[in-house]
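Q: If you read the protein sequences in the order shown, they are chains A and B.
Taking this note's numbering, the leading residue of the first sequence gets 308, the next gets one more, and so forth.
Taking this note's numbering, the leading residue of the second sequence gets 4, the next gets one more, and so forth.
Positions of the beta carbon are idealized from the N, C-alpha and C atoms, including for glycine.
One structure, pasted below without further comment.
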Amino acid sequence: MATKTLGVLRAPRKLNRSFTVSFLLFLFLAVFGAFMVLPLIYAINNAFKPLDELFIFPPRFFVRNPTTDNFYDLVALMGNSWVPLSRYIVNTLVITIIGTVGHIILSSAAAYPLAKFRFPGSKVLFSIVVMSLMFTGHVTAIPNYMVMSWLGWINTHASIIIPSLAFPLGLFLMKQFMEQIPDALLEAAKIDGASEYRIYAQIVMPNVKPAWLTLMILQFPALWGSDGGNFIYSENLKTLHYALGQITAGGIARAGVGAAVALILMIVPITLFIISQSNVIQTMATSGMKE
Amino acid sequence: MQAETISPAVSTDLVHPKKHSKLGNLMRELKKNKHYYILMSPYMLIFFAFTVIPVIISIALSFFYFNMLEFPRFIGWQNYSRLFLNDDVFMIAVKNTFLFAVISGPISYIACFIFAWIINELSPKVRAVMTLVFYAPSISGNVFFIWLIVFSGDRYGYLNGFLIKWGVVLEPIQWLTNEKYILPIIMIVQLWLSLGTSFLAFIAGLQTIDKSLIEAGAIDGIRNRWQELWFITLPSMRPQLMFGAVMQITGSFAVADISIALAGFPSVNYAGHTIVTHLMDFGTIRFEMGYASAIATVLFVIMLGTNMLTQKMLRKVGE
Chain A
308 MATKTLGVLR
318 APRKLNRSFT
328 VSFLLFLFLA
338 VFGAFMVLPL
348 IYAINNAFKP
358 LDELFIFPPR
368 FFVRNPTTDN
378 FYDLVALMGN
388 SWVPLSRYIV
398 NTLVITIIGT
408 VGHIILSSAA
418 AYPLAKFRFP
428 GSKVLFSIVV
438 MSLMFTGHVT
448 AIPNYMVMSW
458 LGWINTHASI
468 IIPSLAFPLG
478 LFLMKQFMEQ
488 IPDALLEAAK
498 IDGASEYRIY
508 AQIVMPNVKP
518 AWLTLMILQF
528 PALWGSDGGN
538 FIYSENLKTL
548 HYALGQITAG
558 GIARAGVGAA
568 VALILMIVPI
578 TLFIISQSNV
588 IQTMATSGMK
598 E
Chain B
4 MQAETISPAV
14 STDLVHPKKH
24 SKLGNLMREL
34 KKNKHYYILM
44 SPYMLIFFAF
54 TVIPVIISIA
64 LSFFYFNMLE
74 FPRFIGWQNY
84 SRLFLNDDVF
94 MIAVKNTFLF
104 AVISGPISYI
114 ACFIFAWIIN
124 ELSPKVRAVM
134 TLVFYAPSIS
144 GNVFFIWLIV
154 FSGDRYGYLN
164 GFLIKWGVVL
174 EPIQWLTNEK
184 YILPIIMIVQ
194 LWLSLGTSFL
204 AFIAGLQTID
214 KSLIEAGAID
224 GIRNRWQELW
234 FITLPSMRPQ
244 LMFGAVMQIT
254 GSFAVADISI
264 ALAGFPSVNY
274 AGHTIVTHLM
284 DFGTIRFEMG
294 YASAIATVLF
304 VIMLGTNMLT
314 QKMLRKVGE
């Protein structure tokens with residue numbers, strides 16, 4: 308199969324594009340891509356701007372005299388903090404890691420039977436999950452608080468972690484992907500004597516790796532950006548996002564520190580994103596689902 | 004040809020040769036499927052406690068007068084009749100919300116797919132970078148502030164600075180306080196931000212397509228990329244398309260944060276007012292939780308209806 312494509316474009320599988328079409332597509336992606344990545348570049352530049360450049364007119368997009376002052380200011384400010392920074396970081400990591408890993412496990416365990424089998428209640432349960440996505444969260448805050456206080460979970464990390472384990476989005480996503488697993492694969496495993504739990508862990512999960520890596524990308528930043536919500540009020544249980552938010556609440560004089568904070572909060576989800584995205588590609592290159 | 008991979012799973016366990024009483028049948032079914040219930044139980048337990056119960060309480064509250072201080076007082080359908088008959092602002096909010104749903108919803112949905120489709124054809128390393136580039140606005144946290152600077156009404160605003168420099172306008176335009184511009188600007192920013200969940204789901208979905216289907220299609224006489232898209236790619240990722248549709252519906256009907264961040268709360272003459280900002284007005288400022296719950300319930304019903312329509316349309320894909 309002769310392939311003639313632009314450097315970055317991989318040879319299409321069967322149908323080839325002409326060079327012109329490839330070039331136009333590349334141009335199209337580049338233009339829109341520039342538009343999309345703008346905030347990221349702006350945030351990075353802003354974090355290194357000295358104060359006078361942050362307020363200059365006409366506003367400049369790129370930094371002229373990069374400085375790391377903003378970061379030093381941030382460290383100095385955090386040093387005065389009543390609760391050490393490490394405490395906030397640990398809190399955030401506990402919430403984020405348990406919440407993300409637990410969510411992937413619980414939602415996919417629930418999605419597997421719903422995607423592949425019919426049993427009493429399966430259809431109803433799934434539609435309840437999808438429907439719940441459509442009810443706005445703004446009015447459920449009070450009932451939610453009531454449930455939390457009945458359970459006695461106010462001002463504990465459980466109040467953030469436990470509900471996040473069963474967000475409806477994850478189940479919906481996992482179920483949609485699991486539908487595509489060929490039935491023959493599951494039947495073969497059953498004939499070989501594997502239990503449902505084993506099929507779930509050893510056959511279903513590896514086959515939907517792109518799905519749960521995607522779910523991880525979605526769930527992680529949501530929890531990483533959590534500020535403790537309405538449930539946590541003790542200072543030593545608060546999250547990093549909250550602590551850094553407090554600093555930028557200092558107003559215009561903290562504009563530089565605020566820019567540094569914005570960058571720091573962004574870096575972790577982005578790193579995770581890059582790692583998981585390259586992972587998706589690796590797995591799909593080596594394994595294929597075939598009927 | 005692709006029927007096997009997309010048809011919903013049918014368990015052969017369901018076939019019953021003998022007839023039993025209804026209850027006995029159900030018990031037998033429950034017992035036979037107990038592994039499935041066990042697998043689902045941790046999720047469902049938490050889901051019902053923290054999602055379903057609060058939603059049910061909220062819907063119930065929509066029939067009460069509840070100001071968060073006194074005990075709720077039952078008032079029947081009064082919240083709803085007030086909403087539809089005596090609330091002019093709600094009608095503005097409904098109009099704006101439908102504009103979002105009709106304009107930015109479908110555009111964003113199609114854009115998500117097109118970008119995912121193009122990016123998926125790139126070489127693996129470039130693909131990872133491009134996915135990040137297009138997902139950047141969703142991952143960058145609170146990025147509205149960039150648009151505030153762009154559309155700022157004074158000369159410091161990027162757009163105004165740019166237009167003045169090039170002589171297009173002589174004095175700054177009040178982008179975010181002029182009724183004419185508010186809604187289009189919110190739509191642009193919403194579109195820009197909306198390449199999130201469904202975009203990622205599409206990317207992942209494209210990667211799980213069975214490659215042999217495409218090869219088989221080539222033999223069956225698929226001539227060009229459009230045919231391949233319509234007859235193979237789209238039907239193969241119907242589950243992801245359904246997922247993306249629900250995400251777009253929930254996203255475009257629930258626009259609120261962007262409107263508040265850009266146009267203020269409330270916006271000038273309610274030009275950027277949506278159903279959810281209306282709800283927030285009553286829920287968090289006027290403390291009329293019963294009324295806010297009624298708004299949420301109406302929105303819920305609207306979204307359910309839209310979703311049913313969309314799912315019907317999506318079933319036609321690839322036919």
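Looking only at its own chain, which residues have a Cβ that is under 8 Å from the Cβ of B/E218, when we skip the five neighbours before and after it?
A: Here residue 218 of chain B is taken as the residue at index 215 of the second sequence, counted from 1. For B/E218, there are no CB contacts under 8 Å within the same chain when 5 residues up- and downstream are skipped.
Q: Ordered along the chain, which non-local residues of its own chain (more than five positions away) have a Cβ less than 8 Å from that of B/L265?
A: For this step, residue 265 of chain B is matched to residue 262 along the second sequence. Once the five neighbours on either side are set aside, the close Cβ partners of B/L265 are F147, W150, L151, F154, L179, I185, I188, I189, V192 and G275.
Q: Can you give me the Cβ contacts of B/M96 inside the same chain, cut-off strictly under 8 Å, excluding the 5 residues immediately before and after it?
A: Against the second sequence, residue 96 of chain B aligns to sequence position 93. The question names Met, yet the displayed sequence has Ala at residue 96 of chain B. Here the set comprises Y273, H276, T277, I278, T280 and H281.
Q: Do we get a CB-CB distance below 8 Å when we pair B/A248 with the residues of chain A?
A: On the second sequence, position 245 is the one that residue 248 of chain B refers to. Not an interface residue.
Q: For B/F303, which of helix, strand or coil comes out of DSSP?
A: Residue 303 of chain B sits at position 300 when you count from the first residue of the second sequence. In this structure, B/F303 counts as helix in the three-state DSSP scheme.
Q: Can you give me, in chain order, the residues of the region 268-295 of chain B that have a beta carbon less than 8 Å from any beta carbon in chain A?
A: V279, L282, M283, G286, T287, M292 and A295
Q: Distance cutoff 8 Å, beta carbons only. Does A/G558 sit that close to anything in chain B?
A: As a first step, residue 558 of chain A must be located in the first sequence, where it is residue number 251. Not one chain B Cβ lies under 8 Å of A/G558.
Q: Quick test of your reading: A/M481 and A/T407, contact by CB under 8 Å. State the CB separation rounded to the nearest angstrom.
A: What you label residue 481 of chain A is simply residue 174 of the first sequence in a count that begins at 1. What you label residue 407 of chain A is simply residue 100 of the first sequence in a count that begins at 1. Contact doesn't hold; Cβ gap of about 14 Å is too wide.
Q: Is the Cβ of B/S24 closer than 8 Å to any Cβ of chain A?
A: Within the second sequence, residue 24 of chain B is the residue found at index 21, counting from 1. Judged by the 8 Å Cβ criterion, B/S24 is not in contact with chain A.
Q: Could you tell me which chain A residues have their CB closer than 7 Å to the CB of B/F137, listed as they occur along the chain?
A: Here residue 137 of chain B refers to the residue found at position 134 when the second sequence is read from its first residue. By Cβ distance, chain A contributes G340 and M343.
Q: Please return the same chain residues whose Cβ sits closer than 6 Å to the Cβ of B/L302, not counting the five positions on each side in sequence.
A: The residue labelled residue 302 of chain B in the question sits at position 299 within the second sequence. Taking C-beta separations shorter than 6 Å and ignoring five residues to either side along the sequence, the partners of B/L302 in its chain run I278, following chain order.
Q: For B/N68, does the three-state DSSP call read helix, strand or coil?
A: Counting from one through the second sequence, the residue named residue 68 of chain B turns up at place 65. Note that residue 68 of chain B is Tyr in the sequence shown, not Asn. Of the three classes helix, strand and coil, the one that applies to B/Y68 here is strand, per DSSP.
Q: Look at the alpha carbon of A/D490 and the alpha carbon of B/L88, and state the distance between them as a whole number of angstroms.
A: The sequence position of residue 490 of chain A within the first sequence is 183, counting from 1. The sequence position of residue 88 of chain B within the second sequence is 85, counting from 1. Cα to Cα, A/D490 sits roughly 53 Å from B/L88.
Q: Under 8 Å between C-beta atoms, does B/E32 make it to chain A?
A: As a working note, residue 32 of chain B is residue 29 in the second sequence. Yes, B/E32 lies at the interface with chain A (some Cβ there is under 8 Å from its Cβ).
Q: So if DSSP puts B/F77 in a beta bridge, which residue, or which two residues, is it bridged to?
A: The residue given as residue 77 of chain B occupies position 74 in the second sequence. Partner(s): B/F67.
Q: What's the C-alpha gap between B/L237 and B/S201?
A: What you label residue 237 of chain B is simply residue 234 of the second sequence in a count that begins at 1. What you label residue 201 of chain B is simply residue 198 of the second sequence in a count that begins at 1. Cα to Cα, B/L237 sits roughly 14 Å from B/S201.
Q: How would you label A/G340, buried or exposed, when you count the other beta carbons within 10 angstroms and need 16 or more for buried?
A: Along the first sequence, read from residue 1 onward, the residue named residue 340 of chain A stands at position 33. That one is buried.
Q: Anyone know if the C-beta pair for A/V575 and B/V136 falls short of 8 Å?
A: Indexing the first sequence from 1 puts residue 575 of chain A at position 268. Indexing the second sequence from 1 puts residue 136 of chain B at position 133. Not a contact, by the Cβ cut-off of 8 Å.
Q: Applying a beta-carbon distance threshold of less than 7 Å, which residues of chain A neighbour B/V55?
A: Stepping through the second sequence from its first residue, residue 55 of chain B is reached at position 52. Within chain A, the residues placing a beta-carbon under 7 Å from that of B/V55 are I435 and S439, ordered along the chain.
Q: Excluding five sequence neighbours on each side, which residues of the same chain lie with their C-beta closer than 6 Å to the C-beta of A/A529?
A: Translated into the one-based positions of the first sequence, residue 529 of chain A becomes position 222. There are no such residues.
Q: Quick one: what's got a C-beta closer than 6 Å to B/P75's C-beta in the same chain, skipping five residues either side?
A: Locating residue 75 of chain B in the second sequence gives position 72, counting from the first residue. Correct list, in chain order: F67 and F69.
Q: I'd like the span of the alpha helix (DSSP H) that includes B/P127, first residue to last.
A: On the second sequence, position 124 is the one that residue 127 of chain B refers to. From DSSP, the alpha helix (DSSP H) with B/P127 extends over P127 to I142.
Q: Which residue spans inside the region 339-393 of chain A form an unbroken alpha helix (DSSP H) run of at least 4?
A: 358-361 and 376-386
Q: Who are the neighbours of B/T313 on chain A, taking C-beta pairs under 7 Å?
A: Reading the second sequence from its first residue, position 310 is the one you call residue 313 of chain B. Simply none; closest approach about 12 Å.
Q: Please confirm if B/M245 has its CB atom under 8 Å from at least one CB of chain A.
A: Against the second sequence, residue 245 of chain B aligns to sequence position 242. By this cut-off, B/M245 is an interface position.
Q: Note down, in chain order, each residue of its chain lying with its Cβ closer than 7 Å to the Cβ of A/I351, except the 5 sequence neighbours on either side.
A: Position 44 of the first sequence, counting from 1, holds the residue named residue 351 of chain A. Counting only Cβ-Cβ distances below 7 Å, and skipping sequence neighbours, we find L570.
Q: Using the beta-carbon of each residue, which ones in chain A are nearer than 9 Å to B/P140?
A: Start at 1 with the first residue of the second sequence, and residue 140 of chain B comes out as number 137. Going along chain A in sequence order, the residues near B/P140 (Cβ under 9 Å) are M343, V344, L345, P346 and L347.
Q: Rounding to the nearest angstrom, what Cα-Cα distance links B/L173 and A/I363 in this structure?
A: Against the second sequence, residue 173 of chain B aligns to sequence position 170. Against the first sequence, residue 363 of chain A aligns to sequence position 56. Whole-angstrom Cα-Cα distance: 20 Å.
Q: Output, in chain order, the set of chain B residues within a Cβ distance shorter than 9 Å of A/I524.
A: Taking the first residue of the first sequence as position 1, residue 524 of chain A is located at position 217. Near A/I524 (Cβ distances below 9 Å), the residues of chain B are Y138, I142 and L203.
Q: Go through its chain and collect everything with a Cβ distance to A/M308's Cβ below 7 Å, but skip five positions before and after it.
A: The count along the first sequence starts at 1 and reaches residue 308 of chain A at position 1. At A/M308, the pLDDT of 37 sits below 50, so the modelled position is not reliable; the number obtained from the coordinates is stated separately. Cβ neighbours of A/M308 beyond the five flanking positions: none.
Q: Taking the runs of the alpha helix (DSSP H) that are 4 residues or longer, which of them lie wholly in the region 269-321 of chain B?
A: Whole alpha helix (DSSP H) segments, 4+ residues: 278-283 and 292-318.
Q: Whose C-alpha, out of A/V338, A/G428 and A/N543, is nearest the C-alpha of B/L33?
A: To locate residue 33 of chain B, count along the second sequence from 1; it is residue 30. Taking each of A/V338, A/G428 and A/N543 in turn and checking the Cα distance to B/L33, the smallest one comes out for A/G428.
Q: For B/M240, which of helix, strand or coil comes out of DSSP?
A: Within the second sequence, the letter at position 237 stands for residue 240 of chain B. DSSP places B/M240 in coil when its eight states are reduced to three.
Q: A/A416 touches chain B at which residues, Cβ-Cβ below 8 Å?
A: As a first step, residue 416 of chain A is located in the first sequence; it is residue number 109 there, counting from the start. In chain order: L42, M43, P45 and Y46.
Q: In whole angstroms, give me the CA-to-CA distance for B/T100 and B/Y112.
A: Along the second sequence, read from residue 1 onward, the residue named residue 100 of chain B stands at position 97. Along the second sequence, read from residue 1 onward, the residue named residue 112 of chain B stands at position 109. Taking the straight line joining both Cα atoms gives about 16 Å.
Q: Flag this pair as yes or no: are the beta carbons of A/Q584 and B/A131 separated by less than 8 Å?
A: Counting from 1 along the first sequence, the entry for residue 584 of chain A is found at position 277. Counting from 1 along the second sequence, the entry for residue 131 of chain B is found at position 128. Yes, Cβ-Cβ distance for A/Q584 and B/A131 is below 8 Å.
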